[in-house]
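In order, the protein sequences belong to chains D and F. This note's numbering puts the first residue of the first sequence at 1393, with every later residue one more than the last. This note's numbering puts the first residue of the second sequence at 1393, with every later residue one more than the last. C-beta atoms are modelled at their ideal positions from N, C-alpha and C, and glycine is treated no differently. It should be emphasised that the depicted structure is a prediction, and the values quoted were computed from it without experimental measurement. In what follows, a structure is listed as structure tokens, so that the remarks can point back to it.
2 protein chains.
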Amino acid sequence: MTLGFELLATDGAARLGRVQTAHGSIDTPAFMPVGTAATVKAMLPGSVAETGAQIVLGNTYHLMLRPGAERVERLGGLHRFMNWPGPILTDSGGFQVMSLAKLRKLSEDGVTFQSHIDGSRHHLTPERSIGIQRLLDADITMAFDECTPFPATHEAAEESMRLSMRWAARCREAFVPRPGYGLFGIVQGGIHPDLRAQSAAALVGLGFDGYAVGGLAVGEGREAMFATLDVTTPLLPPDRPRYLMGVGRPEDIVGAVLRGIDMFDCVLPTRSGRTAQAFTRRGAVNLRNARHADDPRPLDGECACPACTGFSRAYLHHLTRSDEILGLMLLTWHNLHYYQDLMRGLRGAVARGGLAGFAAAFAREQEKGDIPP
Amino acid sequence: MTLGFELLATDGAARLGRVQTAHGSIDTPAFMPVGTAATVKAMLPGSVAETGAQIVLGNTYHLMLRPGAERVERLGGLHRFMNWPGPILTDSGGFQVMSLAKLRKLSEDGVTFQSHIDGSRHHLTPERSIGIQRLLDADITMAFDECTPFPATHEAAEESMRLSMRWAARCREAFVPRPGYGLFGIVQGGIHPDLRAQSAAALVGLGFDGYAVGGLAVGEGREAMFATLDVTTPLLPPDRPRYLMGVGRPEDIVGAVLRGIDMFDCVLPTRSGRTAQAFTRRGAVNLRNARHADDPRPLDGECACPACTGFSRAYLHHLTRSDEILGLMLLTWHNLHYYQDLMRGLRGAVARGGLAGFAAAFAREQEKGDIPP
């Protein structure tokens, strides 16, 4: 094992931990802001760090197409390129090839596709994905897999999972261990418990630095997602970090931490910040709503982010109505800060063995809805 | 006089000064970033201050339409609304009514127009303009005038100037003096020296806290602009600040400081920042140009802004090519920092009596063009 992981406390299935990478450590449960094209959209990297984020995610698919992995490597790697000195996790490119690229052709070897940017042809294999992530200098490399579509029959989900497991073995082979760098395998199998179990067993047999749960948050609904986690996380080695990919809403994260997940990523806080949606302790708030036009209160009086400490709801409303860039800058910052506040709360609750109470209080506050003006 | 002004040094016609307002002082020659809709686009107000800017400009036309001057007043004024604790100058709305509004109708009383946002009808007069700027709580209020179009015959320029002077008298009447707040008159008269002289005399007769030169940078060219300044600034009281409206390019600013101008505003650094254009000591640089794709150097190795200290040209190029918001955030910041660096340089040169040498060195560097990779 080349990636450090300390398990510091548990509370039921939930865990408090610390991942050690070549570029610093990550307190878990952790939320990773998404920095698709080598930038967390509308944020300076120093501002991302100010929210409390300790690791960001980069997307292999986007970066291989633009500016190109070899170019990033020549320029000193992704940390230097985007001026983020902390840990970086890169995905494998598999998910985005299937959701963004054109004229995809899947074979045992990998995927051939056309760039959504300029139509250029590319071939992505487990070996090439690992190679790209090495060029980017990712602290955490993700195995190349096929994200099983939803819904999928048991047969289709099994076939897809078995391909991902064969690719996982090739990734394991291709990954060159270095101190502080790790490779995560990805459990697939849709919402079928037997397939999840087979996938987990296959990956644990190969041995990875961490284990991701993939193929969720693709339309199956929260109940099915939680049910899948309930049968999957107990099969993963307790001494390795667990990452639920692409999740999610704050309530999804709380539920997944209760089920033993350590790491998360999602575009929701950043994307919502660009569409006037703010996350608060009392649920989501749409700043475009006219009720904010004369409201002198901050978005959230208990939030320490610049949007909440410096400006009124009336001003944020004005910015969003006027399509001002500062509006999406401030709301992105607020949302990322909110997510990190949530993770700090979750870690504190696990540390003191009070996660059940924390989760109940969280749900009660969320259900109350926004404080009226 | 309710607005303080100290003249600290002169160098030829150029002046080093300090304007004292209710919200702090401004070292002149000063450049005022434009914060049209209560935000300097793509910048947090704290970042604007970090560039060295001491005063920002707000646009009466935009703010009266959205969010509305009465609303800004209810919310505590423009400083609090946009979280800019320093001095604010607002224009009168006259220029933008003529350039942005629809169905304009000019009369002796004022201008009737339709909002470019929602088509609503509005009437702007000298008295209403002063009233709006009072509601906004502007430290420096501009007289309501008609920006004479270019080209204009002597007759048309004279008629327009005389209307502006009658409006200036009404503005002077309507403005309620308060300590630290001031009203600036605006010299008009196109490129006609006799009209400029008549306009300056009329304004000086009324007595203002400062004097702006309006109606320039509207297509007359640099030579005509400088010639007009040459005949105008000597007619303005030396103990009052002088503001050249809507100017300009770095070389325009240097030339106008040489001719005795103290204050400037222009959208150029912010607007250019949103179109991948960067100002540097060695001229303008277009970051979209492919020659930057592999360039590990900073945009300007001697610049202390976050874009230059944190990132390579290759990264800035990548951001602009990828239409990433961070690209325009960083280039806006750089451009505003560059402009403030220029003003610091100009103030230092006037202080030591070396402005002619500074201006010559500035022109030489600009002509060299960008350093090749």
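- Using beta-carbon distances, Pro1626(F) does not count as an interface residue toward chain D, since no partner is under 7 Å.
- Uninterrupted beta strand (DSSP E) stretches at least 3 residues long and entirely within the stretch 1421-1484 of chain D occur at 1422-1425, 1448-1450, 1480-1482, given in chain order.
- In the three-state DSSP reduction, His1709(F) falls in the helix class (H, G or I).
- Shown here, Met1534(F) sits in a strand according to DSSP, grouped into three states.
- The beta carbons of Trp1559(D) and Asp1586(D) sit no closer together than 7 Å.
- Contact check for Phe1671(F) and Asn1727(F): beta-carbon distance about 5 Å, within the 8 Å limit, so the pair qualifies.
- Apart from the 5 residues on each side of it in sequence, Val1677(F) sits with its Cβ closer than 6 Å to the Cβ of Ala1670, Asp1762 in its chain, given in chain order.
- Around the beta carbon of Arg1744(D), fewer than 16 other beta carbons sit within 10 angstroms, so the residue counts as exposed.
- Given a length threshold of 3 residues, each whole run of the beta strand (DSSP E) inside the stretch 1563-1627 of chain D is given here in chain order: 1574-1579, 1602-1605.
- Contact annotation: Pro1421(F) and Asp1654(F) have beta-carbon atoms nearer than 7 Å.
- Across the structure, Gly1611(F) and His1546(F) are spaced so that their CA atoms are roughly 16 Å apart.
- Taking 8 Å as the upper bound for CB-CB distance, Asp1531(D) and Thr1724(D) are not in contact here, some 24 Å apart.
- In the same chain as Leu1555(F), and ignoring 5 residues on each side of it, the C-beta atoms closer than 7 Å to its own belong to Glu1538, in chain order.
- Taking 9 Å as the upper bound on Cβ-Cβ separation, chain D lies near residues Arg1666 of the stretch 1640-1674 of chain F.
- By the 16-neighbour rule on beta-carbons within 10 angstroms, Thr1540(F) is buried.
- Annotated three-state conformation of Met1735(D) is helix, per DSSP.
- Residue contact with chain F for Leu1467(D): present (Cβ-Cβ distance below 7 Å to some residue of chain F).
- In terms of Cβ geometry, Gly1640(F) and Ala1609(F) form a close pair [threshold 7 Å].
- For Met1490(D), the enclosing alpha helix (DSSP H) covers residues 1486-1492.
- Under a 10 Å Cβ-count criterion, Ser1591(D) is classified as buried, with 16 or more other Cβ atoms of the shown protein chains found around its own Cβ.
- For Glu1757(D), the uninterrupted alpha helix (DSSP H) segment begins and ends at 1747-1760.
- Interface with chain F (7 Å Cβ-Cβ cutoff): His1710(D) is included.
- In terms of CA proximity to Val1579(D), Ala1589(D) leads the group Ala1589(D), Glu1694(D), Ala1429(D), Thr1533(D).
- Using a Cβ distance threshold of 7 Å, Gly1511(F) and Ile1480(F) do not count as a contacting pair.
- In the DSSP assignment, no residue is bridged to Ser1664(F).
- Residue pairing for Ala1401(F): DSSP places it in a beta bridge opposite Leu1408(F).
- Residues of the stretch 1689-1709 of chain D with a Cβ closer than 7 Å to any Cβ of chain F, in chain order: Pro1698, Gly1702, Phe1703, Ser1704, Ala1706, Tyr1707.
- Apart from sequence neighbours up to five positions away, the residues of its chain that approach Ile1509(F) with a beta-carbon distance below 8 Å are Leu1457, Arg1458, ordered along the chain.
- Taking the beta carbon of Ser1591(D) as reference, no residue of chain F falls within 8 Å; the closest one sits roughly 35 Å away.
- Using a Cβ distance threshold of 7 Å, Leu1516(D) and Ala1461(D) do not count as a contacting pair.
- Annotation: Cβ neighbours of Asp1686(F) in chain D (cutoff 8 Å, chain order): Arg1463, Arg1466, Leu1467.
- Residue contact check for Asn1451(F) against chain D: no CB pair falls below 7 Å.
- In the three-state DSSP reduction, Cys1695(D) falls in the coil class, being neither helix nor strand.
- Each of Asp1403(F), His1514(F), Gly1606(F) was checked against the Cα of Ala1549(F), and the nearest Cα belongs to Gly1606(F).
- Here Ile1763(D) carries a coil assignment [DSSP, helix/strand/coil].
- Distance check between His1729(F) and each of Met1534(F), Leu1399(F), Thr1701(F) places Thr1701(F) closest, using alpha-carbon atoms only.
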